Structure formats: structure tokens, C-alpha cells
Amino acid sequence: MDLQSARDLQAELLSIGMPYEIALGIAPIKGDYFELAVRVQHETPETVKVLAYIEDQARGEVDVQVIGTPQLQCSCEPYAPGASCGREDAGVGTLGPLVTVQGTEYVVSNNHVLANNNQGRPGDEIWHPGAPHLASADHDPPQRIGTLAGFIPLNEDGPNTVDAALCTLDDGIDFSCEISEVLDPGELVRGIRVAKRGWATGHTEGHVTAFEMNNFHIWCEPLGHVLFADQIQIEPDSGSLFFSLPGDSGALVYEPETKQAVGLIFAATRASLEPGRSATYVNPMPAVLDQLGAALTAR
Numbered sequence: 044m045d046l047q048s049a050r051d052l053q054a055e056l057l058s059i060g061m062p063y064e065i066a067l068g069i070a071p072i073k074g075d076y077f078e079l080a081v082r083v084q085h086e087t088p089e090t091v092k093v094l095a096y097i098e099d100q101a102r103g104e105v106d107v108q109v110i111g112t113p114q115l116q117c118s119c120e121p122y123a124p125g126a127s128c129g130r131e132d133a134g135v136g137t138l139g140p141l142v143t144v145q146g147t148e149y150v151v152s153n154n155h156v157l158a159n160n161n162q163g164r165p166g167d168e169i170w171h172p173g174a175p176h177l178a179s180a181d182h183d184p185p186q187r188i189g190t191l192a193g194f195i196p197l198n199e200d201g202p203n204t205v206d207a208a209l210c211t212l213d214d215g216i217d218f219s220c221e222i223s224e225v226l227d228p229g230e231l232v233r234g235i236r237v238a239k240r241g242w243a244t245g246h247t248e249g250h251v252t253a254f255e256m257n258n259f260h261i262w263c264e265p266l267g268h269v270l271f272a273d274q275i276q277i278e279p280d281s282g283s284l285f286f287s288l289p290g291d292s293g294a295l296v297y298e299p300e301t302k303q304a305v306g307l308i309f310a311a312t313r314a315s316l317e318p319g320r321s322a323t324y325v326n327p328m329p330a331v332l333d334q335l336g337a338a339l340t341a342r
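Residue numbers for the sequence shown, in our numbering: 44 to 342.
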């Protein structure tokens, strides 16, 4: 089907209500041909019936994956996007891009990394290479690199578009970032190649396999199931098992040739169509910047 038909069908299906285990997006297949991206967390009697209905409405033009339960992906000097970060009461994530908000520079990562799913408060300490309670005798002790400046609250009633927070860097902490432009969201329809650098997996590359994902539910402790909309799905290149792993949350995803920002990693899961391979989920960068009132900054 063409792109507009896919969007219209997605909107029609969402308007009648979907179980939380089913997310709908758009899958770029080839050229101007698209299919409805259907991502099923668990196969239950209800989801099997709904899936049959969706396939009928789409006349078989569907790209179906049983993805399992998405997990938040929380688990180098001078500092740069891809360096690890953490707080005292949470796991380890990844520092994303540098931004400017009303003349002040900050580093972006996820709410669940820097603010522990709405539990944080401005001024909370942020550490590298991870939270103090995760320190190991085999590694250098964590260093405080900054404090939580603020975050976009995760709305339990949804839908949410971003999982984002800001870190104010301490004096003397150098941070360099070369990415200052955002990719035109219209480019996602081509199933473009993307790259990222994260704490857990370093540099990896993959490609967009779905966009405008709606009715996408993530389990966020202690909030429960949190609804997201307009998300991007990325799968690794052929021969690779993953694009991201736990600890890569907050990593900046970008187009490798133009170095333009695509979005922030916030979750991942296993895709059943190819055993062992994982799918990564990304907040679109325009929404991240808009909700933070921020602009990408290079230095």
C-alpha cells in the first residue's frame, strides 16, 4: 500500500482500540510500498483474534513481529555521546547529545536513566562510569559529572512521545559533540541506515524497520505500563544480533553519512522472526527537542 493508505489504516485501527500487547506503525518495504507494522508483545487468545482482524483489514499487507516484552535499556574522557552515566538509585545508561536551552548547555539522556522514572529531583547527582553502588574493585571509582536539571515526566495515562531528561555538567567536565542537525523525519520512510554509540555495545549500525509506532506499551517501575506513541523501530544489520543492549538507554541515534540526529534509544526487545536478534526503540529527535525546548549544540 502507499504511505498515506498505511497511515489512514493505522489511524482507523487505533480509533477502535487495540490491546496493550499490540503496537501499530508503518514498515518501509521497498520504494513507495509500505505495510502496516504490527508488533505483538505476547500471543494470547485476544491478540490472535485482533491480529486476524488487522490482517483482514489490511488485506494481508502487514509486517508482523512477535517482539516479547520491551525493556528499558538502562543497565571516556573527554566525555561525548556514548559515555556511561548513572545515579545512586538506578542502573547505568548512556549520555546522549549536547543541547542548549535558553542559553544554557545540558546533556540529554532518558528520564529513566537520569530521573529514575519520575522519581528524581533537580540537583540529584549524576555519575560516570555508573552509580556508586555499582562500583567494582576492578574499575576506577565513579566520578560525579553533573546533576539532574529536569526531565519530561512520564505520563501514566499516556500517550508519551519521549523519555528524556537533562543533566547539568559540573565545572571542569569537558563534553564534546559533533552533531548539531536533525534528520528530516520524512527520510524515515526510506528505511534508512542509522548508527549509534552506547555504553554497553559501543558503535553499532542498523536500519529503520518501522516508524510512527503507536499503542506501544513499556513497563516502567514503579509506574506500570506506560503508553508511547510515534516511536521508531530499528533492527541490526544482517549478521548482527543487536543494535543495542541494556545500558545503551539515552544513546543518540544518527544517520551515519550526514551525522544528523534521528532520536534517543529508550527500549529494546527480542524479535521472534529471526531468533536471537533484537529490536531497538527510539524516541524521535524532533519530539525530544520540542518537549525540552532545546536545540542541538556542537562543540
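Backbone N, C-alpha and C fix where the C-beta goes; we use that ideal spot for every residue, glycine too. Just so you know, these numbers come straight off a predicted model, no measurement behind them.
Here the alpha carbons of P327 and L141 stand approximately 16 Å from one another. Here R187 carries a strand assignment [DSSP, helix/strand/coil]. Residues of the same chain with a CB within less than 8 Å of the CB of G336, apart from the 5 flanking positions on each side, are V144, Q145 in chain order. In chain order, H155, I261, C263, S292, F309, A310 place their CB closer than 7 Å to the CB of L115, counting only its own chain and leaving out the 5 sequence neighbours on each side. The shortest C-alpha to C-alpha distance from L52 to any of E104, I195, L270 is the one to E104. In this structure, DSSP gives I72 an extended state, which the three-state scheme calls strand. In this chain, the alpha helix (DSSP H) harbouring H155 covers 154-157.
Under DSSP, D45 forms no beta bridge with any residue.
Counting along the chain, E98 sits inside the alpha helix (DSSP H) bounded by residues 88-100. By the Cβ-count criterion, K239 is buried, with 16 or more other Cβ atoms from all chains shown falling within 10 Å of its own Cβ.
Closest by C-alpha distance to D280, out of Y63, V251, E255, is V251. Closest in C-alpha terms to R130, from the list P172, G139, R102, comes P172. Comparing alpha carbon positions, the residue from V237, G306, V151, G189 closest to G166 is G189.
E78 is positioned such that its CB atom lies closer than 8 Å to that of A49.
Nearest to I277 by C-alpha distance, out of Y76, I169, V237, S283, is V237. Here S152 is buried, its C-beta having at least 16 other C-beta atoms within 10 Å. Scanning Y149, E300, E199, C128 for the CA closest to the CA of A243 turns up C128.
In the structure shown, the three-state DSSP call for G293 is coil.
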